[in-house]
Amino acid sequence: MKKILALLSLCLVVVLLSFTSLNNKKLVVIDAAHGGHDNGAAKNELYEKDIVEQIAKKIFQKNDPSKVEIVLLRDTDNFISLEDRINTINELNPDLVISLHTNYHSENNKSGVEAYVSAKNSQHEASTEQARKLIEAIANEKLQSRGVKQANFMILRKSNCPAITLELGFLSNENDRNYLTSEEGQNEIATNIIKSIQ
Ligand SMILES: [Zn+2]
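In the numbering used here, the protein residues as written are 185 to 382.
1. Flag this pair as touching only if the segment 285 to 298 and the segment 247 to 265 have three or more C-beta atom pairs under 8 Å; answer yes or no.
2. Taking DSSP as the reference, what is the three-state secondary structure of D248?
3. Flag this pair as touching only if the segment 279 to 290 and the segment 355 to 373 have three or more C-beta atom pairs under 8 Å; answer yes or no.
4. Run the CB neighbour count on S265, radius 10 Å, all protein chains shown included, and call it buried at 16 or more, exposed below.
5. Please work out which residues of its chain come closer than 8 Å, Cβ to Cβ, to Q370, disregarding the five sequence neighbours upstream and downstream, and give them in chain order.
6. With distances taken between CB atoms, is the gap from T272 to L257 smaller than 8 Å?
7. Please identify the residue among S343, E309 and S380 whose C-alpha is closest to the C-alpha of V281.
8. Would a C-beta distance cut-off of 8 Å place S306 and Q334 closer than the cut-off?
9. So is T349 buried or exposed if we call it buried at 16+ other beta carbons inside 10 Å?
10. Just to be sure I understand the criterion: a residue counts if its Cβ is closer than 6 Å to at least one heavy atom of ligand 1. Which residues meet that?
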């Protein structure tokens, strides 16, 4: 009987260990903002909701799932409330959530990529560190860095994991707009985001 119990507990340890190693893989949630009736920013019939959805899908497609598991909150043009997004994020309990947006300003010379983190997020330090990495990876000669800033967006406050809002560039700026809507620019952004989260 003792031998059987010992064998059973050994089996249990093996099973637990294999689950632990599976769970060691990083889980990152990509939140393509807006969607459905909520277009987000718009310029010349180009919509923020479409651009962030396209980039989110490219992140998923280019990612190597043996390194990082990626979950997209939205991969079709549907509306999801902020509450539903936050509930899903907290159910998934990921290592990181990145909310993708594009910026807009009445002064069309404003340009570049910026990240937001919240001091009210339980993991503000980890969020800030990852946000710096993201900006460093994405910014280049075509998309200047505007750095990491503070904001109290609900998705940042209420997600129980490191959380970042990325404003990928200004739809109101011609250079940013061309980069954000080009196949080449979207591929570059997606690849650079993946590099910085691995
Ligand atoms: Zn937005």
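Each residue gets a CB set at the ideal place from its N, CA and C atoms; glycine is no exception.
By the coordinates alone:
1. Taking 8 Å as the limit for Cβ pairs, the verdict is that the segment 247 to 265 does not touch the segment 285 to 298.
2. In the sequence shown, counting from the first residue as 1, residue 248 sits at position 64. DSSP places D248 in the coil class of the three-state scheme, outside both helix and strand.
3. yes
4. The residue given as residue 265 occupies position 81 in the sequence shown. Classification of S265: exposed, given that the 10 Å Cβ count is below 16.
5. The sequence position of residue 370 within the sequence shown is 186, counting from 1. Closer than 8 Å at the Cβ level, and outside the excluded window around Q370, lie I235, Q238, I239, K242 and L364.
6. Residue numbering aside, residue 272 sits at position 88 when the sequence shown is read from its first letter. Residue numbering aside, residue 257 sits at position 73 when the sequence shown is read from its first letter. Closer than 8 Å, so yes.
7. If you number the sequence shown from 1, residue 281 lands on position 97. Selected option, being the one with the closest Cα: S343.
8. To locate residue 306, count along the sequence shown from 1; it is residue 122. To locate residue 334, count along the sequence shown from 1; it is residue 150. No. Outside cutoff.
9. Position 165 of the sequence shown, counted from the first residue, corresponds to residue 349. Buried.
10. A217, H218, G224, E232 and H285
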